[in-house]
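>
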Amino acid sequence: MKRRLLAALLLPVTLFPAVLSLAGTAAPIAIAVHGGAGTMRREQLDEALEQRITAKLREAVEAGHALLAAGAPAVDAVTAAIVILEASPLFNAGVGAVYTWDGGHELDASIMEGRTRAAGAVAGVRTIKSPIHAARAVMDHSPHVLLSGAGAEAFAQSQGLDIVPNSHFDTPERFEALKRAKARAEADKHGTVGAVALDARGNLAAGTSTGGMTGKRWGRVGDSPLIGAGTFADNASCAVSATGHGEYFIRYNVAADICARVAYKGLSIEAAGHQVIHQTLLPAGGTGGVIILDTAGNISMPFNTEGMYRAAIDPDGTRYVGIYR
Ligand code: ASP
Numbered sequence: 102m103k104r105r106l107l108a109a110l111l112l113p114v115t116l117f118p119a120v121l122s123l124a125g126t127a128a129p130i131a132i133a134v135h136g137g138a139g140t141m142r143r144e145q146l147d148e149a150l151e152q153r154i155t156a157k158l159r160e161a162v163e164a165g166h167a168l169l170a171a172g173a174p175a176v177d178a179v180t181a182a183i184v185i186l187e188a189s190p191l192f193n194a195g196v197g198a199v200y201t202w203d204g205g206h207e208l209d210a211s212i213m214e215g216r217t218r219a220a221g222a223v224a225g226v227r228t229i230k231s232p233i234h235a236a237r238a239v240m241d242h243s244p245h246v247l248l249s250g251a252g253a254e255a256f257a258q259s260q261g262l263d264i265v266p267n268s269h270f271d272t273p274e275r276f277e278a279l280k281r282a283k284a285r286a287e288a289d290k291h292g293t294v295g296a297v298a299l300d301a302r303g304n305l306a307a308g309t310s311t312g313g314m315t316g317k318r319w320g321r322v323g324d325s326p327l328i329g330a331g332t333f334a335d336n337a338s339c340a341v342s343a344t345g346h347g348e349y350f351i352r353y354n355v356a357a358d359i360c361a362r363v364a365y366k367g368l369s370i371e372a373a374g375h376q377v378i379h380q381t382l383l384p385a386g387g388t389g390g391v392i393i394l395d396t397a398g399n400i401s402m403p404f405n406t407e408g409m410y411r412a413a414i415d416p417d418g419t420r421y422v423g424i425y426r
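Using this note's numbering, read the sequence shown as starting at 102 and increasing by one per residue.
#1: In the DSSP assignment, the alpha helix (DSSP H) including S259 goes from what residue to what residue?
#2: Would you mind reading off the limits of the alpha helix (DSSP H) that contains M240?
#3: Following a CB-centred definition, is G345 positioned closer than 7 angstroms to any heavy atom of ligand 1?
#4: Ligand 1 and N193: does any heavy atom of the ligand fall closer than 7 angstroms to the residue's C-beta?
#5: Please state whether DSSP places G423 in a helix, a strand or coil.
#6: What beta strand (DSSP E) runs, 3 residues minimum, are completely inside the stretch 338-379?
#7: Quick check on DSSP: helix, strand or coil for T228?
#8: Using only the alpha-carbon positions, how far apart do L123 and E214 sit?
#9: T293 to E254, Cα distance in whole Å?
#10: Give the straight-line distance between the Cα atoms of V297 and I392, rounded to the nearest whole angstrom.
#11: Among A361, T315, G320, whose alpha-carbon lies nearest the alpha-carbon of N336?
#12: Say yes only if the C-beta of T311 is nearer than 7 angstroms to one or more non-hydrogen atoms of ligand 1, and no if none qualify.
#13: Does the beta-carbon of D209, which I'm using as the reference point, lie nearer than 7 angstroms to any heavy atom of ligand 1?
#14: I need the boundaries of the alpha helix (DSSP H) containing F404, first residue and last residue.
#15: Name, in chain order, the residues that DSSP records as bridge partners for R411.
#16: Identify whether S310 lies in helix, strand or coil by the three-state DSSP scheme.
#17: Roughly how many angstroms separate the alpha carbons of T228 and D241, rounded to a whole number?
#18: Less than 7 angstroms separating the Cβ of G261 from some heavy atom of ligand 1?
#19: Can you give me the C-alpha to C-alpha distance between E144 and T388, rounded to a whole angstrom?
#20: Quick one: is the Cβ of D324 within less than 7 angstroms of any heavy atom of ligand 1?
#21: Using a threshold of 7 angstroms, is the CB atom of E388 nearer than that to any non-hydrogen atom of ligand 1?
#22: Can you confirm whether the stretch 316-333 touches the stretch 206-223 when touching is taken to mean that 3 or more C-beta pairs between the two stretches lie within less than 8 angstroms?
So, in structure tokens, the structure goes:
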């Protein structure tokens, strides 16, 4: 009798080892952030600036990770990490956004949840202090996915978000970059920020925020606010945030293509990212990179430029910060 009882007790244990091991180990959490890809050469970045950049990336990734560790949803971690990078003049998002041809700033941002595929985005906004907060509000509190220009600003105001003059985003460094771009009579790129996160419930999220490209004209909108191009998240495959020459990322639907290769071809995120960034985008002339995360907590950060500002914390708690290859 006793033996039978023991067997009855043990049966579910042998039948459901997966359940046991899940209960025994904490669900993986992970996060990665980027601060843009481009032609950053070691000799161009002085050590002090390099340290400021890596410290800010670390601060962003740690802030997101702390939220994940406390059980917050991935979308909160992504928002928190991006808000920190938007507030820093070191990156092309929020303060420090690049200048348009006309000498102002037009900001783009988007966010997406992997469980529900809910998404929100804003494009060409000039007075919203935190475009990623606005994207989040579009996702959470509007029936739409993408709002643009004055309408997006009116919506943000109605949501109680901070509104600032366009000059809030000014920095002398970016103004110099505009002068250089104008001298060459062409738009320049790079410096966008983004984040991907995996929360303890196994949900992915991705977000991206940018000033776009220096010297952009005519209401140009890049890939960053476009779901599928610059941002994508689906629990069935992966979460991606992109940075680079937006026109190529739009035409090659980069973020969604990487996730599709994972979903349909069964590729690892590493292989899928490599194919799209190095084998598809680069030969086509598209420069940039992506951060990718899957529900197992695997992280991949491929880029085909000289460097990409990036940082990550994997499920083991291992920290990584990098700029160059
Ligand atoms: N992808 C952004 C855009 O084209 C720029 C960047 O990532 O640096 O607007």
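Where a beta carbon is used, it is the ideal one built from N, C-alpha and C, also for glycine. Everything numeric in this text was worked out from a predicted model, so none of it was measured.
According to the structure shown:
#1: Translated into the one-based positions of the sequence shown, residue 259 becomes position 158. Here the alpha helix (DSSP H) through S259 covers 250-259.
#2: The residue labelled residue 240 in the question sits at position 139 within the sequence shown. Where M240 is concerned, the enclosing alpha helix (DSSP H) starts and stops at 232-242.
#3: The residue labelled residue 345 in the question sits at position 244 within the sequence shown. Correct: G345 has its Cβ closer than 7 angstroms to ligand 1.
#4: Taking the sequence shown and counting its residues from 1, the one referred to as residue 193 is at position 92. Result yes, Cβ under 7 angstroms from ligand 1.
#5: Along the sequence shown, read from residue 1 onward, the residue named residue 423 stands at position 322. Residue state, collapsed to three classes: strand.
#6: Along the length of the stretch 338-379, whole beta strand (DSSP E) runs at least 3 residues long occupy 340-345, reported in chain order.
#7: Reading the sequence shown from its first residue, position 127 is the one you call residue 228. In this structure, T228 counts as coil in the three-state DSSP scheme.
#8: For the purposes of this step, residue 123 is taken as residue 22 along the sequence shown, with counting starting at 1. For the purposes of this step, residue 214 is taken as residue 113 along the sequence shown, with counting starting at 1. Because the pLDDT of L123 is 47, which lies under 50, any placement of that residue in the model is unreliable, and the number read from its coordinates should be weighed accordingly. Between L123 and E214, the C-alpha separation is close to 23 angstroms.
#9: Along the sequence shown, read from residue 1 onward, the residue named residue 293 stands at position 192. Along the sequence shown, read from residue 1 onward, the residue named residue 254 stands at position 153. About 21 angstroms.
#10: In the sequence shown, the residue the question calls residue 297 occupies position 196. In the sequence shown, the residue the question calls residue 392 occupies position 291. Going by the C-alpha atoms only, they are around 7 angstroms apart.
#11: On the sequence shown, position 235 is the one that residue 336 refers to. Ranking A361, T315, G320 by Cα distance to N336 puts A361 first.
#12: Mapped onto the sequence shown, residue 311 falls at position 210. Yes, since a heavy atom of ligand 1 falls inside the 7 angstroms radius drawn around the Cβ of T311.
#13: Along the sequence shown, one-based indexing puts residue 209 at 108. Yes, the Cβ of D209 comes within 7 angstroms of a heavy atom of ligand 1.
#14: Within the sequence shown, residue 404 is the residue found at index 303, counting from 1. Counting along the chain, F404 falls outside any alpha helix (DSSP H), and DSSP gives it neither H nor E.
#15: For the purposes of this step, residue 411 is identified with residue 310 of the sequence shown, where counting begins at 1. Note: R411 sits in a beta bridge opposite H135, G423.
#16: Taking the first residue of the sequence shown as position 1, residue 310 is located at position 209. Correct three-state label for S310: strand.
#17: Along the sequence shown, read from residue 1 onward, the residue named residue 228 stands at position 127. Along the sequence shown, read from residue 1 onward, the residue named residue 241 stands at position 140. Spanning the alpha carbons of T228 and D241 requires a straight line of approximately 20 angstroms.
#18: If you number the sequence shown from 1, residue 261 lands on position 160. For ligand 1, not one heavy atom lies less than 7 angstroms from the Cβ of G261.
#19: As a first step, residue 144 must be located in the sequence shown, where it is residue number 43. As a first step, residue 388 must be located in the sequence shown, where it is residue number 287. The alpha-carbon atoms of E144 and T388 are separated by roughly 21 angstroms.
#20: Mapped onto the sequence shown, residue 324 falls at position 223. Yes - ligand 1 has a heavy atom lying nearer than 7 angstroms to the Cβ of D324.
#21: Within the sequence shown, residue 388 is the residue found at index 287, counting from 1. Reading off the sequence shown, one finds Thr at residue 388, where the question assumed Glu. No, Cβ of T388 sits at least 7 angstroms from all heavy atoms of ligand 1.
#22: Short answer: they touch.
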